Every structure is written in structure tokens, then in C-alpha cells.
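Read through the structure below, which is laid out as C-alpha cells, and then see the notes.
Number of protein chains: 2
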Amino acid sequence: MTAHKQQMEQQAKRPLRADTERTVQTILEAAERVLAADPAATMGQLAQAAGVARTTVHRRFATREALLDELTGWAARQFADAVDSARPDAAPPLVALYQVTANVLRVKTDWSFAMNRTADDAHPEAARIHAEVRATCIRLFSRSQEAGVLRPDIDLDWTRRVYYALIHEAAKEGAGGGDTDSLATRVVDTLLRGAGAPAGLAGQTGI
Amino acid sequence: MTAHKQQMEQQAKRPLRADTERTVQTILEAAERVLAADPAATMGQLAQAAGVARTTVHRRFATREALLDELTGWAARQFADAVDSARPDAAPPLVALYQVTANVLRVKTDWSFAMNRTADDAHPEAARIHAEVRATCIRLFSRSQEAGVLRPDIDLDWTRRVYYALIHEAAKEGAGGGDTDSLATRVVDTLLRGAGAPAGLAGQTGI
DNA sequence: CATACTTGCATCACGTGTGTTGCATGTCTT
DNA sequence: AAGACATGCAACACACGTGATGCAAGTATG
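Chains A and B, in that order, are what the protein sequence lines are. Under our numbering, think of the first position of the first sequence as 1, with each following residue one higher. Under our numbering, think of the first position of the second sequence as 1, with each following residue one higher.
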């Protein structure tokens, strides 16, 4: 499916010169790296970072938009894989929550630009994938409620957005090769317990 | 102080033609409005939104950068005012926390672009203000810990970043003129309690 | 070795945004 | 009414990024 995948497979099965599709991958990786630092980077900068000429980039991607779309599509797929591989619909809620968090953190630190890119209506596939992941997340939260892990009175969508924000924040911290597992633990812990002291303690003189 | 403020006061005290500084304000407000929707908006679009000619904008702001700096400085000041007016160093922690949240949410919904703009090293004043607010926030959290509102074992800076993220998320929701007070309540509640059920309940079969 | 293919390089056209300038017009002050 | 000042408008030069093209050189395939 998806024009992109077809293109890649077609190139892959053709026993041609050598590394045409490897060039594509190199360009995309370099683009992600550079764009993460400067979202307004020019095609020339992306090409230089990839170690190829600017014209070569244009040979692979007709327009700059096409390159960006390719990136977002790729990131979206990695995102979905990270979530799905944590068995969010099968594993016990807390386990799944932790596993999903850790997996997503791993990919998000490496694809910060492409993943934060709002897939708008420009890239319908990425939009669909993100919507699907969102639904999976809500299902997981719903299961968590039933299991007594999450409070029954919370707004699931608000909780999901908070969850995303926490992951985003943790990913920023772990950009420099941090410990993904401890970050995931912190994210889940913060999501579940917050930062407040358990109610009914001594110092509760605040209000 | 700050070149900017001097300029404004100078213009204000001069009983000149009429609304020169009002024009400046109009332009900045329009710029904020437009840039919030499209950060890459051109000077022409900003001018049109402000109801003036593009050349007039250039008469007030030498370069586009100057305009953006002005915006960020203005927003930073509003930000600091919103925090300070909540008496974060004097009021009881919980009260201050709620008040700060509500105040910041109010300004953030109206200055989403300028406030999210990282003041880098380009605008030293804005950077200083943000650093100051950050310190105030940490102090408030520290007081909250001593008062038993926040757990003693949490990372204050991580908590601050989570707090910022929650406000950011709530501001997105309230952009369309939402109820600031209820949003503030939700933010504080989420920050303190998180989304998890109190430990030691029945369904805690997650792990 | 000959062929097919890709790459790099230089170049060009094009569009767009920026910043400047000169001039005519309008408006407020004195 | 006269002067001072700000505005709108039109035009301009300039820089930059994009996308396309032609050509020479290198490399793998037959």
C-alpha cells in the first residue's frame, strides 16, 4: 500500500546499479537530523548533510514537500510499529503503558522532527496512522480505567494529550542519548501519580 | 530600561500627531494574531491584518526580526506580570499555584505565538525574564514541597517542565475562548494527582 | 570492452520575500 | 491658512531558495 512503499519495494527488487534506495534512506536520515535542528533548512543543507549534491536530492524527491511527506510517512509508520509492538490491546494495562512509553520514546528521540510534524491533510496516510494510534491509546486508557489503574472520572482525551505532552517532554531530555527506560518510568509515574503528595497528610494547609 | 521600553515611553510622552504608538500596538496585536495561525506569514500579511501598508510596518520596525523581537519582549513582560500578580512568593502554595495557572492561561491564549517563541540569545531581556519566571516557579514548587502539597522526592525541574507542558496543552484547548478557571483547575488537578487511581484499590491487577 | 546508469557540477529561469525610496495625499497642530 | 508629520502607493534592487537542464566523469553490469 501507499505509493511510497510501492516505490521503495520496486527499487529494492530491481538488481540495479547498486545503492539507489540506500541513497534515499541516507538522504532521509540526514534530513531528519538537520531538520530537527533547523526546520527551515534548505535543500542544499540537507544535501550537504547527506553527502550528496543538491541535484541528486531533487532526483529522488521531486519537490521539498515530497521529501517532507516521505519523512512524515516514515516516522508515522515507525510510530505505529512502536505502539503496536507493545501489544497495547492485549498486555496488562500497566505493562502495556510502560512498554508503549518506552518504545515511543526510543523512536521519538531519533525522529523528533518528522514526528512532531502535523500531518495535516497533506499526507492522508500519516494522518490515518496517527488517528489509529490515538484510538489505540484511548482503548488502552479505557482498559486501564476498567482495571482500576486510571481513575474512572477522568477525561480520556485530556489524559491522552497529557500523556503525549509528557512523552514529548521526556524525549527532549533524552535527546542526547539518555536512559530510555528510566525516562519511561518517570513519564508513567508522573502520569499516574502526578507531583502532589497523597491527600490527607499533615501539611495540607494550602487552601 | 531596555531599548524597547525607552522607545515606547519616548513616543508616548511626545504629544505628536496622534497615534504613532497606537499604530505600533495595532501592528503587534495583528502580528500576534496572524503569526499564531501561520508562523511564516509575510510582512505583507501582517500589514494587511493590521490595516496598514507594508511600508508603514517597515517604518516602525526596521526588519522582520525587530518586529518579532518586539513581540517576544512584550509577551515575556506580560508573562512575568501574570505570574507576579499571583503573589507566587507570598500566597499559600495551593492558592498561588492555582492563581498563577489561571493568569498565565489567560495571557497564553492571547499570545500563543510570541510566548512559545524561544527567546534564544537574540533577545537577552526576554531570556532573562523567562529565567526569572522559571526561578519563581521553582521557588513556588519548593514552598509547595515544604507545605506538603508536593511530594518531597520529586525532581523540581522535571515538575516545572511538566507544569509548563500542561499549561501549554490547556491553552491550546482554551484558544477558542474557553473557561480559563476550569482549565486552570484541570491543570493543577492533573499536576497534583495525575490520572491514576489511588494506590491500594481493588482492581490494581496491572502488574 | 561496451553499455547502461547514476552522480556531481555548473548554469539558468522563476518566484517570492525583504528592505528602500520618492512622491502625493491626508490630518493634526499652531 | 501654513507647516509638520504620518500614511498609502508604486516602484525598485537585492538576496535566497526552488526546480530544471545539459554535460562530463565514474562505476557496475552484460
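We treat Cβ as the ideally placed atom computed from N, Cα and C, and that holds for glycine. Since the model is a prediction, treat every value here as computed from it, not as a measurement.
Check: I'd like to confirm the pairing. Which residues does DSSP put opposite A:L150 in its beta bridges?; Outcome: B:G196
Check: Using 8 angstroms as the threshold, is the C-beta distance between A:A195 and B:I154 below it?; Outcome: yes
Check: Is the shortest distance between the beta-carbon of B:T159 and the beta-carbons of chain A less than 8 angstroms?; Outcome: yes
Check: Quick one: Cα of A:V57 to Cα of B:R117, how far?; Outcome: 31 angstroms
Check: My output table needs one value for A:D181: the three-state DSSP class, helix, strand or coil.; Outcome: helix
Check: List, in chain order, every chain B residue whose beta-carbon is nearer than 8 angstroms to that of A:L150.; Outcome: A195, G196 and A197
Check: Quick one, are the C-beta atoms of A:A122 and A:D157 less than 8 angstroms apart?; Outcome: no
Check: How many whole angstroms separate the CB atoms of A:A175 and A:V187, which I take to be in contact at a CB cut-off of 8 angstroms?; Outcome: Not a contact, Cβ separation roughly 15 angstroms.
Check: Would you kindly work out how many angstroms separate the C-alpha atoms of B:L191 and A:A31, rounded to a whole number?; Outcome: 36 angstroms
Check: Here's the rule: buried if 16 or more other CB atoms are within 10 angstroms of the residue's CB, otherwise exposed. What is B:S142?; Outcome: exposed
Check: Under the three-state reduction of DSSP, which class applies to B:G73: helix, strand or coil?; Outcome: helix
Check: My assumption, with CB atoms under 8 angstroms, is that B:P88 sits in contact with B:L140. Please give the rounded CB distance.; Outcome: 5 angstroms
Check: For a contact meaning CB atoms closer than 7 angstroms, what does A:I154 contact in chain B?; Outcome: A195
Check: In angstroms with no decimal places, state the Cα-to-Cα distance between B:E96 and A:Y164.; Outcome: Here residue 96 of chain B turns out to be Ala, not Glu, going by the sequence shown. Answer to the nearest angstrom: the Cα atoms are 27 angstroms apart.
Check: Please return the same chain residues whose Cβ sits closer than 8 angstroms to the Cβ of A:Y98, not counting the five positions on each side in sequence.; Outcome: A184, T185 and V188
Check: Mind checking A:A131: buried by the 16 CB within 10 Å criterion, or exposed?; Outcome: exposed
Check: Using the three-state DSSP reduction, which class does B:P87 fall into: helix, strand or coil?; Outcome: According to the sequence shown, residue 87 of chain B is Arg rather than Pro. DSSP places B:R87 in coil when its eight states are reduced to three.
Check: In the structure shown, what three-state DSSP assignment does A:D155 receive?; Outcome: coil
Check: Taking C-beta to C-beta, are A:A197 and B:G148 nearer than 8 angstroms?; Outcome: yes
Check: Enumerate in chain order the residues of its own chain whose CB-to-CB distance from B:Q48 is below 7 angstroms, with the five nearest sequence positions on each side excluded.; Outcome: none
Check: Taking only the alpha-carbon atoms, compute the straight-line gap between A:Q145 and A:I138 and give it to the nearest angstrom.; Outcome: 10 angstroms
Check: Is it buried or exposed for B:P93, if we count other Cβ within 10 angstroms and need 16 for buried?; Outcome: buried
Check: Taking C-beta pairs closer than 9 angstroms, name the residues in chain B that A:R186 reaches, listed in chain order.; Outcome: D155 and W158
Check: Specify the secondary structure class of B:F61 as computed by DSSP and reduced to three states.; Outcome: coil
Check: If the cut-off is 8 angstroms on Cβ atoms, which residues from the segment 119-138 of chain A count as contacting chain B, listed in chain order?; Outcome: none
Check: Output needed in chain order: residues of the segment 23-36 of chain A with a Cβ under 7 angstroms from some Cβ in chain B.; Outcome: none
Check: Determine the burial state of B:R193: buried for a count of at least 16 other Cβ atoms within 10 Å of its Cβ, exposed for fewer.; Outcome: buried
Check: Strictly under 8 angstroms for the Cβ-Cβ distance: is B:Q7 near chain A by that measure?; Outcome: Any reading at B:Q7 needs caution, since the residue's pLDDT is 37, under 50, leaving its predicted position unreliable; the model's value is listed next. No, its Cβ sits nowhere closer than 8 angstroms to a Cβ of chain A.
Check: Could you round the C-beta distance between B:L71 and B:I167 to whole angstroms and report it? I think they count as a contact, below 8 angstroms.; Outcome: Contact flag wrong, Cβ pair sits at about 19 angstroms.
Check: Please list, in chain order, the chain A residues whose beta carbon lies closer than 9 angstroms to that of B:T101.; Outcome: Neighbours of B:T101 on chain A: none; closest Cβ ~13 angstroms, over 9 angstroms.
Check: Check each candidate in A:A41, A:S85, A:A75 and A:R160 and name the one with the smallest Cα separation from A:R128.; Outcome: A:A75
Check: Assign B:V52 to one of three DSSP states: helix, strand, or coil.; Outcome: coil
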